[in-house]
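Trainee: What follows is a structure written as structure tokens; I'll ask about it next.
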Amino acid sequence: MDFVAIDFETANEKRNSACALGITVVEDGEVVQEKYWLIKPYENRFAPMNIWIHGITEEDVVNEPTFEEIWDEIKPYLEGKFVIAHNAAFDISVLRRTLDTYNIPYPSFQYACTVVMSKNYYDGVANYKLNTIARALGIEFKHHHASEDATAAARIFIDMCNGLEINNSDDIENKLFIRVGKVFEGGYNSCGKSKSVIKGFEIRRKYIETSERKRVIIDSLKDKTVVFTGPLGSMSRIEAMASVRAASGIAGSSVTRKTDYLVTGIKGKDKLSNSNKSTKYRKAESLIEKGYNIEIISDEEYFQMIYGEKLS
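Each residue of the sequence shown is one higher than the one before, starting from 1103 at the first, in the working numbering.
So this is what it looks like as structure tokens:
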């Protein structure tokens, strides 16, 4: 799916005090561009708490452009795009209040919140903060740096898209059971839980129901990089990622030349048509053809590898 992830940092308690913006562009499920701006707020006043969070000070932005001055550069990344943010209520509010401050018309785009979506997808996490989910998925980043936060949110959403085969906003509403938000000239409609949320939780557990497992065989994946694709029938995505780390392996979020195993929950993987293969699956096959040592295995084979027994 193509989308744009955004993240704002603010100078103080006011939503129109944007002091940094990160934008990450994703095309066909891959990060293709990362942009970062330091911004001089309309009122260049930095609250101690905000400085403590992101480390940006008045001196850092005194010679930087205002939001109004860079808007023409930012707008094409949003206009007509699908936008996601972690805690989108905050980031969309910062965008709207800042545009209002400079009397700039709103762009038109759809958006969704990865916090809301994560609650309908991931089990077994302590909370749904950006750093908590990122850590569970093996995503490394510098928290509260706008560009890195945007990319982390993007990679979390990519994981959901891959797991549920999401390709558009209709899929998001139908498979993650949220109401997609909209921003348009003159107003906005908020993103949130859909009326089908109860049904959503029932279907969600078909994809990622958690269950107790025996201890993994220590070092059974030592220094091996494992990537998961598609819904897993034997364990949740969070549980699967945790099992990799418990077995001394490396949990990857995308297929690369360093990948050792691609694990799929799809039955009859050897008979899959190309159109039914995920982007990760096709990428792994392409690298295998080029001579890279990547093994595509089922989640049942993975289970036996790390627990030493067949899935019951």
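Glycine residues also receive a C-beta, built at the ideal position from the N, C-alpha and C atoms.
Treat the numbers as computed from the prediction; the structure is a model and nothing was measured.
#1: Compute the distance between the beta-carbons of Ser1292 and Gly1283, then report whether it is under 8 Å.
#2: According to the Cβ coordinates, are Asp1104 and Glu1129 closer than 8 Å?
#3: Can you have a look at Arg1384 and say buried or exposed, based on whether 16 or more other CB atoms are within 10 angstroms of its CB?
#4: Suppose you measure from the CA of Cys1121 to the CA of Ile1158; what does that come to, to the nearest Å?
#5: State buried or exposed for Lys1316, treating a residue as buried only when at least 16 other CB atoms are found within 10 Å of its CB.
#6: Which of the three DSSP states, helix, strand or coil, is assigned to Asn1264?
#7: Under 8 Å Cβ to Cβ from Asp1202, same chain only, skipping five residues before and after it: list those, please.
#8: Of the residues Ile1396, Asp1193, Ile1206, Ala1353, which one's Cα is nearest the Cα of Ala1107?
#9: Using CA atoms only, rank isn't needed, just tell me which of Val1328, Met1337, Asn1229, Met1343 is closest to Asp1362.
#10: According to the Cβ coordinates, are Gly1332 and Asp1251 closer than 8 Å?
#11: Shortest alpha-carbon distance to Ala1353 belongs to which of Phe1330, Phe1279, Ile1368, Ala1214?
#12: What residue range does the beta strand (DSSP E) around Leu1364 cover?
#13: Could you tell me the distance, in whole angstroms, from the CA atom of Lys1382 to the CA atom of Glu1161?
#14: Which residues bound the beta strand (DSSP E) around Lys1284?
#15: Taking the alpha carbon of Asp1272 as the reference point, which residue from Ile1153, Phe1184, Leu1197 has its own alpha carbon closest?
#16: Who does Ala1107 pair with in a DSSP beta bridge?
#17: According to DSSP, Ile1399 sits in a beta bridge with which residue or residues?
#18: Quick check on Phe1211: does DSSP put it in helix, strand or coil?
#19: Spatial neighbours of Tyr1224 within its chain, please: C-beta separation below 6 Å, excluding the five flanking residues on both sides.
#20: Return the first residue and the last residue of the beta strand (DSSP E) that Thr1331 is part of.
#21: Quick check on this structure: which residue in Ala1228, Asp1174, Ile1399 has the alpha carbon closest to the alpha carbon of Leu1334?
#22: So what's Lys1295 in DSSP terms, helix, strand or just coil?
Mentor: Reading it off the structure:
#1: yes
#2: yes
#3: exposed
#4: 8 Å
#5: Reliability of the predicted coordinates at Lys1316 is poor, the pLDDT of 39 falling under 50, and no value is obtained from them.
#6: helix
#7: Asn1118
#8: Asp1193
#9: Val1328
#10: no
#11: Phe1330
#12: 1363–1366
#13: 44 Å
#14: 1283–1286
#15: Phe1184
#16: Thr1126, Ile1186
#17: Val1365
#18: strand
#19: Ile1340
#20: 1327–1331
#21: Ile1399
#22: strand
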